[in-house]
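These protein sequence lines are chains A and B, in that order.
Under the UniProt record's numbering, the residue at position 259 of the first sequence is numbered 259, and the numbers go up by one with no gaps.
Under the UniProt record's numbering, the residue at position 107 of the second sequence is numbered 107, and the numbers go up by one with no gaps.
Backbone N, C-alpha and C define an ideal beta-carbon position, used for all residues, glycine too.
Predicted model, so just to flag it, every value in this text is computed and none were measured.
Here is the structure we will look at, set down as structure tokens.
There are 2 protein chains.
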Amino acid sequence: MRYSLLAGGKRVRPVLCLAACELVGGQEPMAMPSACAVEMIHTMSLMHDDLPCMDNDDLRRGKPTNHKVFGEDVAVLAGDALLAFAFEYIAVATVGVTPARIVRAIGELAKSIGSEGLVAGQVVDINSEGLSDVGLEQLEFIHVHKTAALLEGSVVLGAILGGGSTEEVEKLRNFARYIGLLFQVVDDILDVTKSSQELGKTAGKDLVADKVTYPKLMGIEKSREFAEKLNKDAQDQLSGFDPEKAAPLIALANYIAYRQN
Amino acid sequence: MRYSLLAGGKRVRPVLCLAACELVGGQEPMAMPSACAVEMIHTMSLMHDDLPCMDNDDLRRGKPTNHKVFGEDVAVLAGDALLAFAFEYIAVATVGVTPARIVRAIGELAKSIGSEGLVAGQVVDINSEGLSDVGLEQLEFIHVHKTAALLEGSVVLGAILGGGSTEEVEKLRNFARYIGLLFQVVDDILDVTKSSQELGKTAGKDLVADKVTYPKLMGIEKSREFAEKLNKDAQDQLSGFDPEKAAPLIALANYIAYRQN
Chain A
1 MRYSLLAGGK RVRPVLCLAA CELVGGQEPM AMPSACAVEM IHTMSLMHDD LPCMDNDDLR
61 RGKPTNHKVF GEDVAVLAGD ALLAFAFEYI AVATVGVTPA RIVRAIGELA KSIGSEGLVA
121 GQVVDINSEG LSDVGLEQLE FIHVHKTAAL LEGSVVLGAI LGGGSTEEVE KLRNFARYIG
181 LLFQVVDDIL DVTKSSQELG KTAGKDLVAD KVTYPKLMGI EKSREFAEKL NKDAQDQLSG
241 FDPEKAAPLI ALANYIAYRQ N
Chain B
1 MRYSLLAGGK RVRPVLCLAA CELVGGQEPM AMPSACAVEM IHTMSLMHDD LPCMDNDDLR
61 RGKPTNHKVF GEDVAVLAGD ALLAFAFEYI AVATVGVTPA RIVRAIGELA KSIGSEGLVA
121 GQVVDINSEG LSDVGLEQLE FIHVHKTAAL LEGSVVLGAI LGGGSTEEVE KLRNFARYIG
181 LLFQVVDDIL DVTKSSQELG KTAGKDLVAD KVTYPKLMGI EKSREFAEKL NKDAQDQLSG
241 FDPEKAAPLI ALANYIAYRQ N
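As structure tokens, this is what we get:
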């Protein structure tokens, strides 16, 4: 659990969670356990995704994947334990938040993982591998679930725990949906334009796995334009908030849009 | 998810959860979502346990195992989704209980799964297979975690959600620990004393897998005496409660102790 969780990574989800909490007027400690929890869930999804029966990946965050070091059985179990611990940590470590908001946050987070979230995206992704007729709609379904759902969960969790109003939570949910898709479009572009060394993970693997991607469906230039539009749409959602407090989320959207790995 | 969850089984954990809720004066609807949740978690642990990288089992609850029908990748993901959905269902569907108690229940349940619960037992079990020097202490660690932890979680959840006092919750926790161990001791005895036909599953499996068991470590007679003692210790924990309300849990303890398959 520690090996994969502490292997580094961009920590985009925890940062989103904390930034959303502060944007709606909350304090960092209210959302810190949830920020850790969303990273645990992201990590466990990568551990299971890397298994031989799924993507069969040897390298993750610049290190051998979990099952390469500890074996497949332990990689499955450590992922399960991380998933459970994420909920435990929110339940026992969140301070300064009403229990009603904690329960709401747990419900939102859980929904972003299961058969209406991350796992839904993974299953459709697996089933569409090698198919030649995957369209833009199905590609968007995959990414909205596989990547955007947990990003959305991270933001919504922060907004709920920070004491946000229903309207604020929904604006931030929309923001998260745009940057969730933005994140994946940029990932697809980087996979075909960067080397493994630059990425810290195997480059060009989407092509090898014959996966459908945005560059494959619309070309690199149109993919870049689409990324620009998503970034703008995302930032538009923040226009009603205090610009100073919105600055970290705007910076994060720009970071996601213009990152090089 | 449906295929494995709805394949049947003894439903011991949900029954324990509901009985504990009613014993402390709660109503069934308070604990019903949690009763479903503990069965989801039990099921997902079986799905992952049956995988080729773990026990590599072909049959479960009289049907082909999940990965045999849907493939390993889907079996891993469906297990993950069931685990997440268990928490979602408690968070969104529990009624008539204060949010503070729901948060406490979620923390207890999560702890019974991860690196201090079910998964801890699985990992030590995997690591001790084929070893000749596994002692009673290590065997007990495995069962206390692999089997008893979730049984304990089920009872404690029911007691918390039903409105039990701290003292009542702790008495029921002890009850659950005894019957958790009792459950496994009886399982071990049945494995060596009954035929496959009587059990409805492969008998003598532990011997073939060279697994350490109670009969192997202390003989059948001493194992039977140990089971008797555990059943008595468990029932002693219920002496302070209304006998009429305690009757279902006492019946369940006797069912576990004297079952023939």
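B/E72 and B/N66 have their alpha carbons spaced roughly 8 Å apart.
Contact annotation for B/K68 against chain A: no contact, minimum CB-CB distance about 13 Å [criterion: below 7 Å]. If you compare the alpha carbons of B/G117, B/I126 and B/L136 with that of B/T147, the shortest gap goes to B/G117.
Between A/V119 and B/L77, the C-beta gap is smaller than 8 Å, which places the two residues in contact. Taking 4 residues as the minimum length, the alpha helix (DSSP H) runs contained wholly in the region 207–240 of chain B are 214–236, in order along the chain. Between B/I189 and B/E228, the alpha-carbon positions lie close to 13 Å from each other. In the structure shown, the three-state DSSP call for A/K194 is coil.
Note on geometry: alpha-carbon atoms of B/K245 and A/D50 lie some 49 Å from one another.
By the 16-neighbour rule on beta-carbons within 10 angstroms, A/Y214 is buried.
In the same chain as B/K171, and ignoring 5 residues on each side of it, the C-beta atoms closer than 6 Å to its own belong to Q237, in chain order.
If you check each beta-carbon in the region 104–128 of chain B against every beta-carbon of chain A, the ones closer than 7 Å belong to I106, G107, A110, K111, I113, G114, S115, V119, Q122, V123 and I126. In the pairwise beta carbon analysis, the region 3–20 of chain A is classified as touching the region 41–61 of chain A: at least three pairs are separated by under 8 Å. Per DSSP, reduced to three states, the secondary structure at B/R11 is coil, with no helix or strand assignment.
For the set B/I102, B/A91, B/Q27 and B/G121, the Cα lying nearest the Cα of A/G107 is the one of B/A91. Sequence-distant partners of B/I160 (beyond 5 residues in either direction) whose C-beta falls short of 8 Å from its own C-beta, in its chain, are R101, R104, A105, E108 and V169. Interface residue (Cβ-Cβ distance to chain A less than 8 Å): B/E22 is not classified as such. If one requires a minimum length of 4 residues, the alpha helix (DSSP H) runs lying completely within the region 109–141 of chain A are 118–128, in chain order. Between the region 176–194 of chain B and the region 215–224 of chain B, the count of C-beta pairs closer than 8 Å reaches three or more; the two stretches touch. For A/M32, the enclosing alpha helix (DSSP H) begins and ends at E28 to D49. A distance below 6 Å between beta-carbons, with the five flanking residues on each side excluded, links A/G164 to the following residues of its chain, in chain order: V24. Taking C-beta atoms as the reference points, A/A84 and B/L83 count as a pair closer than 8 Å.
Taking every protein chain shown into account, the CB of A/G135 has fewer than 16 other CB atoms within 10 angstroms, so this residue is exposed. Contact of B/V92 with chain A by beta-carbon distance below 7 Å involves G107. The closest CA to that of B/I256, considering only B/F241, B/P243, B/S239 and B/R224, is found on B/R224.
Residue-level contact check: B/E88 touches chain A, since one or more beta carbons of chain A fall below 8 Å from its beta carbon. Take the alpha-carbon of A/M30 and the one of A/C17: they are about 10 Å apart. Using a Cβ-Cβ cut-off of 8 Å, A/V76 counts as an interface residue toward chain B, since at least one Cβ of chain B sits closer than that to its own. Against chain B, the beta carbon of A/I102 has neighbours under 8 Å at P99 and V103, listed in chain order.
Any Cβ of chain B closer than 8 Å to the Cβ of A/D187 would place that residue at the interface, and such an atom is absent.
Counting only residues of its own chain and dropping the five nearest sequence neighbours on each side, A/K222 has no CB closer than 7 Å to any other CB.
Proximity of chain B to A/E72 at the Cβ level (cut-off 9 Å) is accounted for by L51, P52, C53 and M54, in chain order. Beta-bridge partners assigned by DSSP to A/K63: A/R60. A/H48 reaches chain B at V76, L77 and D80, counting residues in chain order whose Cβ is nearer than 8 Å.
Close CB contacts of B/G79 within its chain, under the 7 Å cut and outside five residues either way in sequence, are with M44, M47 and H48 (chain order).
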